[in-house]
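**Student:**
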Amino acid sequence: METSELIEKLILIVTLFAVTLGIAAYATYFERKVAAWFQDRIGPDRAGPFGILQPLADGGKLFFKEDFIPDAAEKWLFILGPGIAMFTALMTGSVIPWSTNLTLFGQDIALQVADVNIGILFIMGFLSIGVYGIMIGGWASNNKYSLFSAVRASSQMISYELAMGICVIVVVMMTGSLGLREIVDAQHGMNWNVFYQPVAFVVFFICALAETNRAPFDLPECESELIGGYHTEYGSMKMGFYLFAEYVSLFISSAVISTLFFGGYNFPGMDNFEGNTLAILGVVAMFTKTFIFVFIFMWIRWTLPRFRFDQLMHLGWKSLIPISLINLLITGLVIAFNEGWFK
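Here the sequence shown is numbered in the numbering used here, starting from 67 and rising by one per residue.
1. What residues are listed by DSSP as bridge partners for Ile175?
2. Could you tell me whether the stretch 266–279 touches the stretch 78–97, using the rule of 3 or more Cβ pairs below 8 Å?
3. Using only CA atoms, which one of Leu177, Gly149, Phe134, Val236 lies nearest to Ile77?
4. Compute the Euclidean distance between the alpha carbons of Thr369 and Gly341, then round it to the nearest angstrom.
5. Can you list, in chain order, the residues of its chain whose CB lies under 8 Å from that of Ile79, leaving out five sequence neighbours each side?
6. Span of the alpha helix (DSSP H) holding Ile108?
7. Going by C-alpha distance, which of Met240, Tyr198, Gln173 is nearest Thr397?
8. As a quick exercise: from Leu326, Trp407, Ser225, Ile235, pick the residue whose alpha carbon is nearest that of Asn257.
9. How close, in whole Å, do the beta carbons of Gly382 and Thr166 come, if the pair is a contact with beta carbons under 8 Å?
10. Whole-angstrom Cβ separation of Gly125 and Ala101, contact assumed at under 8 Å?
11. Look up Met364 in the DSSP assignment and say whether it is helix, strand or coil.
12. State the CB to CB distance for the pair Phe307 and Pro148, rounded to an integer number of angstroms; the pair is presumed to be in contact (CB under 8 Å).
13. Using C-beta distances below 7 Å, list every residue in its chain close to Arg218, excluding the 5 sequence neighbours before and after it, in chain order.
14. Please report the Cβ distance between Glu299 and Asn209, rounded to the nearest whole angstrom; I am assuming they are in contact, meaning their Cβ atoms lie under 8 Å.
15. Tell me, to the nearest whole angstrom, how far the beta carbon of Leu316 is from that of Arg280; I am working on the premise that it is less than 8 Å.
16. Can you tell me whether Ala151 is buried or exposed, with buried defined as 16 or more other CB within 10 angstroms of its CB?
17. Any idea what DSSP makes of Tyr296, helix, strand or coil?
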């Protein structure tokens, strides 16, 4: 890799990191405003105009809180847990294509940190690793509530990853590639996968809710049963890492849904534009779709009641997995028929 290309990638990585953390921070503000809107309240309005400095106040509060480690905790694992959760949440964004290439100073800059040919497998792999951050944190706390939460989280995430993975296979079968840019390019204009695979989209969206531990699937954190769940014993920025990881995962999950089913950076009439104008409009289209799904995630959280754990597992194993398998079979038969395999 040439020096200029390396510098370009480093700048893109730092930019994506800063944007992701900024969005995660202000997602907390946005969620409070959404909750206030649904519950006929005002929401944050004291820290800065319209309360827009509230995330900075929250971050400062976490930094200045006492950073303690319980006496009975496994010290190094206790420290490692939040780091794994944050690392895996951030890494998944590195393979998402945010738009077409941007030309600056005579150089084409790919608005994608890493264009790997197995991008969707990369994301699924890091999603699978993410459960270790929760599991290690819950176990290392040496708290029965935290351990119970970690067991719930691991069983929940494993269950819903299966149906999610089958939905991904359906998209890969239609596209013929595991690369995310190829999947986006196959949905050029309005040729979005959601129109061909609405069942896969619905199942994937439900699984994404469960993977991010968002209500009505927030069983690992439910305060009425487990106080706070796997991060009960955490304080200061260790607690902050877990909270940030949740909102980063929310943002990245919304981006993945937009990429797989809603055309990513594709938008109607995009053939009328070219060059940097197309790249900028592609970024706008991608972020618009992503923020719409972030809002829908929050809407669901403040609307639907929490499932019981047996209902959660029943939905995953007895409903979503059979539905996704049947959808996979039908998709395979349709593709085989269209390609003349039965002649």
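Cβ coordinates follow ideal geometry from the N, Cα and C atoms, glycine included. These figures come from a predicted structure and were not determined experimentally.
**Tutor:** On the basis of the data shown:
1. Answer is Leu168, bridged to Ile175.
2. Too few Cβ pairs lie closer than 8 Å, so no.
3. The shortest Cα separation from Ile77 among Leu177, Gly149, Phe134, Val236 belongs to Leu177.
4. Using only the alpha carbons, I get a separation of about 42 Å.
5. In the same chain as Ile79, and ignoring 5 residues on each side of it, the C-beta atoms closer than 8 Å to its own belong to Ser160, Val179, in chain order.
6. Here Ile108 belongs to no alpha helix (DSSP H), and DSSP marks it neither H nor E.
7. Out of Met240, Tyr198, Gln173, Met240 has the C-alpha closest to the C-alpha of Thr397.
8. Looking at the Cα atoms, Leu326 is the closest of the given residues.
9. At roughly 37 Å, the Cβ-Cβ gap does not stay under 8 Å, so Gly382 and Thr166 are not in contact.
10. That belief does not hold up - the Cβ atoms of Gly125 and Ala101 are roughly 19 Å apart, past 8 Å.
11. Three-state result, Met364: helix.
12. Rounded, the Cβ-Cβ distance is 4 Å, consistent with contact.
13. Within the same chain, Arg218 has close Cβ partners Leu285, Pro286, Phe375.
14. Yes, they are in contact, since the Cβ atoms of Glu299 and Asn209 sit about 5 Å apart, within 8 Å.
15. The Cβ separation is near 7 Å, so the contact holds.
16. Looking at its Cβ environment, which holds 16 or more other Cβ atoms inside 10 Å, Ala151 is buried.
17. In the three-state scheme derived from DSSP, where H, G and I count as helix and E and B as strand, Tyr296 is classed as helix.
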